[in-house]
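Asker:
Numbering (the numbering used here), first residue to last: 6 to 384.
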């Protein structure tokens, strides 16, 4: 026990002196935070949020119960860049502070936020991260697809494809209006179609679309895709039938001056083509030679009356010679009176012959009766 007392009385005082000597430099380091022997830490930033934008970002936080705060300082890029900004308090128990950092390159950032009081004391730092968007992001944006844009009866109807992306908030349409000015429409992202009643088709048959995006729900700027120029299709215009010839898989042999294939391309609704009545079942085939190659055909026309012999569906074939015709789709036909304009699934180019294969009748019959056939373009 006497040895322990000796150790305590001789060694521990020496160690205490060494410890106190080592603390001298620490006192010097933190002396600026002392006030009458007490370290002063101003209130720190609380509930920090970031709001990304176009080459900018807004940092927002709360400040609770410290009226001594006079400024804030934000560091980023590992402390090489900073912003020192004054803080004006309102006297509220909870203050809200927003600071915008502008002219930042597009990138992800880490930020350290310090609060300062009037004596230069600073708070414990609070760190947060945020992303800044710019041209790289903007160039990645896609414009919403327009499946069809058609002018008719004094209005333009735009039919939209699927929504581009969940971050898309809509699409801006820019067009020439009938009042000789340029108008804008902002369409919602899930719209199926848009009707423009004041589109000036005579001033040019195009409009532009640019889709809008918010990269995050907290973004403070809207980004737009590069615009796309969309052509508006005009009203259907049938090709003249001069020089056309027609053949069919069968014709009503009871009549020699009527009900033959050529009567479905003569432009007269008083004449008609009918297949060999009650002798030949469906399908019935009707073929036209236009005598020359045509381009930009958007659809076909069929004129028939409301009777059992009206066709219910057909295939449309086309080509440059009868031996190499190819199908352009199967189409359901409306059961209404008059001339029917049926849009093809896509415009066709460079063909001379077209063919209908009528698949089924509207009523219970084996016969098919057609007053006129044709094809149309959209100038």
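Beta carbons: idealized from backbone N, C-alpha and C, even for Gly. Remember, it's a predicted structure, so these values are computed and weren't measured experimentally.
Looking at the secondary structure, which residues open and close the beta strand (DSSP E) in which residue 141 lies?
Answerer: Here the question's residue 141 lines up with position 136 in the chain shown. Note, residue 141: premise wrong, no beta strand (DSSP E); alpha helix (DSSP H) at 140 to 144.
Asker: Assign residue 64 to one of three DSSP states: helix, strand, or coil.
Answerer: If you number the chain shown from 1, residue 64 lands on position 59. Looking at residue 64 - three-state DSSP - the assignment turns out to be strand.
Asker: Where does residue 296 fall in DSSP's three states?
Answerer: Numbered from its first residue, the chain shown carries residue 296 at position 291. Residue state, collapsed to three classes: strand.
Asker: Ignore the nearest five residues each way along the sequence and tell me which others in residue 154's own chain have a CB closer than 8 Å to its CB.
Answerer: By 1-based counting over the chain shown, the position of residue 154 is 149. If we look at residue 154 and ignore the five residues flanking it on each side, its Cβ neighbours are 161, 162, 163, 164, 212, 235, 236, 237 and 238.
Asker: Look up residue 165 in the DSSP assignment and give the residues it is bridged to.
Answerer: The residue given as residue 165 occupies position 160 in the chain shown. 151, per the DSSP bridge assignment.
Asker: Judging by CA-CA distance, which residue of 43, 115, 49 and 76 is the nearest neighbour of residue 57?
Answerer: Here residue 57 is taken as the residue at index 52 of the chain shown, counted from 1. Per the Cα distances, 115.
Asker: Checking contacts by CB at 8 Å: is residue 61 closer than that to chain D?
Answerer: Here there is only one protein chain, and chain D is not present.
Asker: DSSP state of residue 390, grouped into three classes?
Answerer: Here the chain has residues from 6 to 384 only, and residue 390 is not among them.
Asker: Could you pull the DSSP bridge partners for residue 284 from this structure?
Answerer: Within the chain shown, numbered from 1, the residue matching residue 284 stands at position 279. Per DSSP, none; premise fails for residue 284.
Asker: CB-CB under 8 Å to residue 148, same chain, minus the five flanking residues each way: which ones, in chain order?
Answerer: The count along the chain shown starts at 1 and reaches residue 148 at position 143. Once the five neighbours on either side are set aside, the close Cβ partners of residue 148 are 169, 176, 214, 215, 216, 230, 231, 232 and 233.
Asker: I'd like the list of long-range same chain contacts for residue 344, defined as Cβ closer than 6 Å, with 5 residues on each side in sequence excluded.
Answerer: Numbered from its first residue, the chain shown carries residue 344 at position 339. Hits under 6 Å: 306 and 308.
Asker: Going straight from the alpha carbon of residue 377 to that of residue 315, what length do you get?
Answerer: By 1-based counting over the chain shown, the position of residue 377 is 372. By 1-based counting over the chain shown, the position of residue 315 is 310. Taking the straight line joining both Cα atoms gives about 12 Å.
Asker: Check the C-beta distance from residue 63 over to residue 225 and give it rounded, since I have them as a contact under 8 Å.
Answerer: The sequence position of residue 63 within the chain shown is 58, counting from 1. The sequence position of residue 225 within the chain shown is 220, counting from 1. That belief holds up - the Cβ atoms of residue 63 and residue 225 are roughly 6 Å apart, short of 8 Å.
Asker: Under three-state DSSP, which class holds residue 329?
Answerer: On the chain shown, residue 329 is found 324 positions in, with the first residue counted as 1. Looking at residue 329 - three-state DSSP - the assignment turns out to be helix.
Asker: Can you look up residue 207 in the DSSP assignment and give me helix, strand or coil?
Answerer: On the chain shown, residue 207 is found 202 positions in, with the first residue counted as 1. DSSP places residue 207 in helix when its eight states are reduced to three.
Asker: Sort 122, 142 and 118 by Cα distance to residue 110 and report the nearest one.
Answerer: Numbered from its first residue, the chain shown carries residue 110 at position 105. When each option's Cα is compared against that of residue 110, the closest is 142.
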